[in-house]
Structure formats: structure tokens, C-alpha cells
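> Chains as they are written, first to last, in the numbering used here: chain Y, 1065 to 1373; chain Z, 1065 to 1373.
Even glycine gets a Cβ: it sits at the ideal position worked out from N, Cα and C.
In this text the structure is predicted, and so the values were computed from the model without any measurement.
#1: Hey, could you find the ends of the alpha helix (DSSP H) residue 1238 of chain Z is sitting in?
#2: Taking the alpha carbon of residue 1081 of chain Y as the reference point, which residue from Y:1102, Y:1116 and Y:1340 has its own alpha carbon closest?
#3: Compare the C-beta of residue 1351 of chain Y with all C-beta atoms of chain Z and state if any pair is closer than 7 Å.
#4: For the structure I just gave you, are there three or more beta carbon pairs, one from the segment 1301-1308 of chain Z and one from the segment 1350-1357 of chain Z, closer than 8 Å?
#5: So what does residue 1230 of chain Y bridge to, in DSSP terms?
#6: Cβ closer than 7 Å: which chain Y residues qualify as neighbours of residue 1271 of chain Z?
#7: Verify the CB distance criterion: does residue 1092 of chain Y have a CB-CB separation below 7 Å to chain Z?
#8: Could you tell me the distance, in whole angstroms, from the CA atom of residue 1188 of chain Z to the CA atom of residue 1335 of chain Z?
#9: Mind listing the chain Y neighbours of residue 1210 of chain Z? Cutoff is C-beta to C-beta under 7 Å, in chain order.
#10: Using the DSSP secondary-structure output, state which residues sit across from residue 1171 of chain Z in a beta bridge.
#11: Determine which residues of the segment 1114-1145 of chain Y have a Cβ less than 7 Å from any Cβ of chain Z, and write them out in chain order.
#12: Among Z:1224, Z:1278 and Z:1186, which has the Cα closest to the Cα of residue 1287 of chain Y?
#13: Quick check: what's the CA-CA separation for residue 1073 of chain Z versus residue 1330 of chain Z?
#14: Got a sec: is the Cβ-Cβ distance from residue 1358 of chain Z to anything in chain Y below 7 Å?
#15: Do residue 1285 of chain Z and residue 1308 of chain Z have their CB atoms nearer than 7 Å?
#16: Taking only beta-carbon positions, decide if residue 1253 of chain Y is within less than 7 Å of chain Z.
#17: If you draw a straight line from the alpha carbon of residue 1220 of chain Z to that of residue 1230 of chain Z, how long is it in whole angstroms?
#18: Could you round the C-beta distance between residue 1108 of chain Y and residue 1255 of chain Y to whole angstroms and report it? I think they count as a contact, below 8 Å.
#19: Which bits of chain Y does residue 1365 of chain Z rub up against, with CB to CB less than 8 Å?
#20: If you run the structure through DSSP and keep just helix, strand and coil, what is residue 1335 of chain Y?
#21: Between Z:1194, Z:1139, Z:1344 and Z:1371, which has its C-alpha nearest residue 1084 of chain Z's C-alpha?
#22: Taking buried to mean at least 16 other C-beta atoms within 10 Å of its own C-beta, is residue 1166 of chain Y buried or exposed?
#23: Quick one: which chain Y residues come within Cβ less than 7 Å of residue 1189 of chain Z?
#24: Could you say if the segment 1206-1213 of chain Z and the segment 1135-1154 of chain Z meet the contact criterion of at least three C-beta pairs nearer than 8 Å?
#25: For a contact defined as C-beta to C-beta under 9 Å, what are the partners of residue 1239 of chain Y on chain Z?
#26: Which of helix, strand or coil does DSSP assign to residue 1180 of chain Z?
#27: Using DSSP bridges, identify the partner residues of residue 1291 of chain Y.
#28: For residue 1185 of chain Z and residue 1236 of chain Y, I'd like the C-alpha separation in whole angstroms.
#29: Could you tell me which residues DSSP puts in a beta bridge with residue 1074 of chain Y?
#30: Is residue 1303 of chain Z helix, strand or coil by DSSP?
#31: For residue 1118 of chain Z versus residue 1196 of chain Z, is the C-beta spacing smaller than 7 Å?
#32: Can you list the residues of chain Z that residue 1374 of chain Y reaches, using a CB-CB cut of under 8 Å?
#33: If you draw a straight line from the C-alpha of residue 1269 of chain Y to the C-alpha of residue 1261 of chain Y, how long is it?
#34: Going straight from the alpha carbon of residue 1342 of chain Y to that of residue 1232 of chain Z, what length do you get?
#35: For residue 1373 of chain Y, which residues in chain Z fall below 9 Å Cβ to Cβ?
#36: How would you write the range of the beta strand (DSSP E) that residue 1374 of chain Y sits in, first residue to last?
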């Protein structure tokens, strides 16, 4: 048994006018609750410190940059790092990262129980578009405000196991899980902000969105025999609804814990990393069963190439 | 609208003692039913002509070879090809293929409405083992009796659309769907023989087996925006139960038709290939969203390589 008690710390909505420090206070309340429930690790959502600002079209780069952090921890987040360290709880969360040389990423970090950042991930699969799109019911400008991540999908030894991260739309891509699976990942941490309506298909509402969300998490967990911890920013942000559905999925692809609200809520489960072993040694023993000689298109081409007539 | 009426022709059990011609008579009855229900295409399971013989441990190659076909169509299957052609129905089914130069494959073919074989697939992901395993509750000797397929995952223009095939265990591997997705596949045809109990984990019974089956089909369909038609050989073969669960999944990942029995049963749905377009042009527009620079491990290594300490 290598049991890690995980708290998925769903955040309810953050309005555009809310300050970072008010959000950090909510995050601190959740890590305090996690401590009372014996958590080893708390996982917060993507872009946890602010509203989901890529829904807003901005042309002034100074206005854009105010949503970004230039240091982590920084002035607003030091109290959170201090609290988690004092409680002896590891944590992961997402934020908008502005590097010292001016690059913008949608980033997440993993801090160990001593408050040291031991892993960093920058979102690879940016959804949406880069210019104002009048045909959409709402904007989704991640391709405008962020660069695609440049770190790949690293897997890191921490907390006695093998940890990976991904962010939001990454979870829809089987390549995300597989690249980490090939590094033996045992737990994938991911945050998301997912609008409750498909901006290009208004009939696709929250029921369908939650269905797809659950489907890709469960498939990714099963096909790589790994735990997946998925944590939402949920609820209505300035009139824009986001799905909840924070959940923990076991290496057999089963949902073992799930949020019931669209508010701040801790979803707790004791996850035994040894539960990954059976799948990795049998049906998904990659070394025995994968046939890479037939996978060439996956890395050899980006888009679709249809067969000739 | 490019609608194709598909009949998933589930077969109930085939006992070891049953003759090929008796099975072909059942297949003919199903294609006749399909004609009455206006099907354009009928899809039969993996190794449709015989019992699932890889559960039997054989050491005499002549005994093994009697389960294989050396010609397709051959003496036993010509009546099926004739009937489907007369009814103007395309069809796909699986069989054990022995080539003229002595190679053994787990193969499926697609015949057009004129009875011409227009596509051939040889199973890439062979599950199981190659020597008798006393630790298993039953044997699964595909790695003993077959070579891994040598044709990749070709996608073929037929019936006004883009068709691919895979077989049984292939469906658990996201690479299978993705290689076809990168060729624009619109409908994947697959047959399977899936034991109702995991031979290495007796507690995993038919409920779990059906859960995983459904999960991987739905994820593969959604993540590549393609129809998936999955057809079982089902029921009790000489004391060895196989799951049913034949189903048709739409490009949104939803199950739209599903078998209710473990017997010979036709599962019919009118599938509009144009339903693939939305997903392929938006969230799964590969050309805009995939990041192949981070996928290198998928083709660069077969098994797991854990990070160094």
C-alpha cells in the first residue's frame, strides 16, 4: 500500500472584480479543511487565482498582463504556501505565468509538503482561437493570450509515487495520458475551467459537457492504469457558467469521488498508488503489447491526410 | 446527409463442434434480416466462422491450421458472399487467415455491395500469451497462433465514406483510433470475442468487462469524431462465456444502438457520416490543436521508461 489521501479542492466562481488575496483566503480555507480530513495532497483548478479571463477580449497587453503572475510564490500566494507547509500538505494549482523574458503560459505547479515547487507544467493543448470570433456565443481566447507549453508532459517522483500534470483541454487528448503513461505515471493532476455551453454548438449544454469530461478522464485513467484527479473552477463567473464535476478516477477507470456542488468543495479519497500495478502488468503492459511500428502517423503528421481516391 | 444504414450482426455462441457451413447459414439469416431492414452494410464479429479457438491450447500445427481459411471467399463462405451480393449489401467479418506462404493472422475484410473485397485488416494488438499459463482461469493464446498484423490501420474509401477496421483488443488502445483519425476515418468497424471474466483477475466479471468495452469505444469515437460499430460473438462457447454488448457509437461518443441478448441479433442504426464533421472541424481539428513536438515517446519507445530518481 502506498496510500495518498488526496483532496480535490474545487473552487466556485471567481468574479472579474475579485482580488487575488480574496481567492487565496478561500484556498487557505480549503487546505485547512483538507488538513482536518488527513489529506497529503490538495489539488486546485486551472487558473485558480483569478476569473477565467480568456473569455474576455483584450487588445491592450498591459491589461492582459495584469492577469499573470511574474513570481511563484509571489506576494499574493506566499500565505497559501506558508499555510500548506505549516500543515505539511503538498499542493498543486494552476495560474497564468509571465516569465522574466516575457513569455505567457497557462501553467500549473506541484509543491511538496515543505512548500518547495518540485514540478512545473505548461499547458500544451490550447483550445479556442486568437482573434475575436463574432460567431461564438462567448469567446475562448487561450490561443491569443498563451503560448503552447514548452515542457512536454514531464513525470516527477514525489510523495512516494510518479506524478504528472495536465490542464483542462489537454484531458481530451489521448496523447496527453499516453506520454505520461510511457513514463509510468501513477497519478495525473489536472485543473479545468470548462464553459457549460459549447460556444460553437449551443445545444450542447452542461449534461453533454459533463459526459465528455467524465468519458475522457475515465478512458485516460483506464488505458494507462493511473489515478486521475480532476478539479474544476465551477459556477457562474460574471454571467458565464462553468461545469463542476470535480472527480477522482481510479486506475480501473472508475469514478471513486465526485463533487456535488458548483461551489468551493473538497472531494477527498485515499488513493493507493499500488492499484496502478495490475493494469500496468497485464492488459496495458506496454512493452509486451504496443506496436509502435504502426503508430507513425501520430508523430509524423499533425492534421488529417485523407487517403487518395 | 450521407446516411448508411448499418446492421451490427452479433453472433451467439459457436461451439467447437459446429461446422463452418452451419455458422454461414446463421450469417446468411442475419443478412436476410438486414435486407428487410434496409441495411447498406452488415458487420459480423471477429473470427466469425468458428468458435474462439485461441482459448484452446494446441501443440500440433495441423490441428491449429484447421481453424484457418486459406482463401476468402472459400468453399464455405461463397454462399455468404453470393447472398450479400444478391441483396446488394456490403459486409465485414473476421476470420483466421493462413496466407499462401504460411503466415497466420487474425484478419477482417470489408466487401462492397458487389461482393468485392475492398479492404483488409490484420489485428495489430494481439492480447494474451504464447505458452500454456497455469495461473490463468482460462487460456488466451492469440500470441501463439497469430502474427501481429503487418498492414497498419488503413482507411479506405467505400460506400461514400472513409472506413477503417480494427479487431477486439485493438479497441482498448487509443493509438488504434488515432492512426485512423489522422486519415479522416468516418466509421470504424470492429468485431470482438471478449471473455466475460478477466482470466488474471476473477473478480472482474461481465459488468466490469462491459464497462471497459463501452468506455474505450465511446472515447475512441468522441476523440476522433467517428462512428464506431462494435460487434460481439457472445454467449457460452463450450462452457466459456463471452460478453455481448454489440453497439453503435456516434461521433459524439454516444451509444445509439445496443444489443439486448447474447444470441444472434441484428443491431440497426441509420448513421449519417456527415455527423463526423462538427467534431473534426472544431474541438478535434487536429491541424489546429495537436502538438506533435510533445508526442515523441508514443512512437519513440514501446514500454515504460520511468524517470530517474
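According to the structure shown:
#1: Taking the first residue of the second chain as 1, we reach residue 1238 of chain Z at position 174. Residues 1238-1245.
#2: Within the first chain, the letter at position 17 stands for residue 1081 of chain Y. Residue Y:1116 is the option with its Cα nearest to residue 1081 of chain Y.
#3: What you label residue 1351 of chain Y is simply residue 287 of the first chain in a count that begins at 1. Taking CB atoms only, residue 1351 of chain Y has a neighbour in chain Z less than 7 Å away.
#4: no
#5: Numbered from 1 along the first chain, position 166 holds the residue referred to as residue 1230 of chain Y. For residue 1230 of chain Y, which the question treats as bridged, DSSP gives the partners Y:1254.
#6: Here residue 1271 of chain Z is taken as the residue at index 207 of the second chain, counted from 1. Residues of chain Y passing the Cβ test: none, with the nearest at roughly 11 Å.
#7: Along the first chain, one-based indexing puts residue 1092 of chain Y at 28. Not closer than 7 Å to any Cβ of chain Z, the Cβ of residue 1092 of chain Y fails to qualify, so no.
#8: Indexing the second chain from 1 puts residue 1188 of chain Z at position 124. Indexing the second chain from 1 puts residue 1335 of chain Z at position 271. Residue 1188 of chain Z and residue 1335 of chain Z: Cα-Cα distance of roughly 27 Å.
#9: Reading the second chain from its first residue, position 146 is the one you call residue 1210 of chain Z. Chain Y residues near residue 1210 of chain Z: none, gap ~13 Å exceeds 7 Å.
#10: Here the question's residue 1171 of chain Z lines up with position 107 in the second chain. The partner list for residue 1171 of chain Z (beta bridge, DSSP) reads Z:1159 and Z:1186.
#11: Within the segment 1114-1145 of chain Y, no residue qualifies.
#12: The residue you call residue 1287 of chain Y lines up with position 223 of the first chain. Checking every option, the nearest Cα to that of residue 1287 of chain Y belongs to Z:1278.
#13: Against the second chain, residue 1073 of chain Z aligns to sequence position 9. Against the second chain, residue 1330 of chain Z aligns to sequence position 266. Their backbone Cα atoms lie some 5 Å apart in a straight line.
#14: Position 294 of the second chain, counted from the first residue, corresponds to residue 1358 of chain Z. By this cut-off, residue 1358 of chain Z is an interface position.
#15: Residue 1285 of chain Z sits at position 221 when you count from the first residue of the second chain. Residue 1308 of chain Z sits at position 244 when you count from the first residue of the second chain. Contact flag unset, no.
#16: By one-based count along the first chain, residue 1253 of chain Y stands at place 189. For residue 1253 of chain Y, no CB of chain Z lies under 7 Å from its own CB, so it is not counted at the interface with that chain.
#17: Locating residue 1220 of chain Z in the second chain gives position 156, counting from the first residue. Locating residue 1230 of chain Z in the second chain gives position 166, counting from the first residue. Rounded to whole angstroms, residue 1220 of chain Z to residue 1230 of chain Z spans 13 Å at the Cα level.
#18: Your numbering for residue 1108 of chain Y matches position 44 in the first chain. Your numbering for residue 1255 of chain Y matches position 191 in the first chain. Residue 1108 of chain Y to residue 1255 of chain Y, Cβ: 6 Å. Contact.
#19: Reading the second chain from its first residue, position 301 is the one you call residue 1365 of chain Z. In chain order: 1246 and 1356.
#20: Here residue 1335 of chain Y is taken as the residue at index 271 of the first chain, counted from 1. In the structure shown, residue 1335 of chain Y sits in a strand (DSSP, three-state: E or B).
#21: Along the second chain, read from residue 1 onward, the residue named residue 1084 of chain Z stands at position 20. Measuring from the Cα of residue 1084 of chain Z, the nearest candidate turns out to be Z:1139.
#22: Looking up residue 1166 of chain Y in the first chain gives position 102. By the 10 Å Cβ count, residue 1166 of chain Y comes out exposed.
#23: In the second chain, residue 1189 of chain Z corresponds to position 125, counting from 1. Those are 1353 and 1355, listed as they occur along chain Y.
#24: no
#25: Here residue 1239 of chain Y refers to the residue found at position 175 of the first chain. Here the neighbours are 1238, 1242, 1354, 1355, 1356, 1358, 1359 and 1362.
#26: Reading the second chain from its first residue, position 116 is the one you call residue 1180 of chain Z. Correct three-state label for residue 1180 of chain Z: coil.
#27: By 1-based counting over the first chain, the position of residue 1291 of chain Y is 227. Its beta-bridge partners are Y:1251.
#28: Here residue 1185 of chain Z refers to the residue found at position 121 of the second chain. Here residue 1236 of chain Y refers to the residue found at position 172 of the first chain. Approximately 28 Å, taken between the alpha carbons.
#29: Here the question's residue 1074 of chain Y lines up with position 10 in the first chain. The partner list for residue 1074 of chain Y (beta bridge, DSSP) reads Y:1329.
#30: Walking along the second chain from the start, residue 1303 of chain Z turns up at place 239. In the structure shown, residue 1303 of chain Z falls within a coil segment according to DSSP collapsed to helix, strand and coil.
#31: Stepping through the second chain from its first residue, residue 1118 of chain Z is reached at position 54. Stepping through the second chain from its first residue, residue 1196 of chain Z is reached at position 132. For residue 1118 of chain Z and residue 1196 of chain Z, no; Cβs fall outside 7 Å.
#32: Given that chain Y is displayed from residue 1065 to residue 1373, the structure contains no residue 1374 of chain Y and the question cannot be resolved.
#33: Looking up residue 1269 of chain Y in the first chain gives position 205. Looking up residue 1261 of chain Y in the first chain gives position 197. Looking at the backbone, the Cα of residue 1269 of chain Y and that of residue 1261 of chain Y are separated by about 5 Å.
#34: What you label residue 1342 of chain Y is simply residue 278 of the first chain in a count that begins at 1. What you label residue 1232 of chain Z is simply residue 168 of the second chain in a count that begins at 1. Computed Cα separation, rounded: 20 Å.
#35: Your numbering for residue 1373 of chain Y matches position 309 in the first chain. Near residue 1373 of chain Y (Cβ distances below 9 Å), the residues of chain Z are 1221.
#36: Nothing about residue 1374 of chain Y can be read from this structure; chain Y reaches only from 1065 to 1373.
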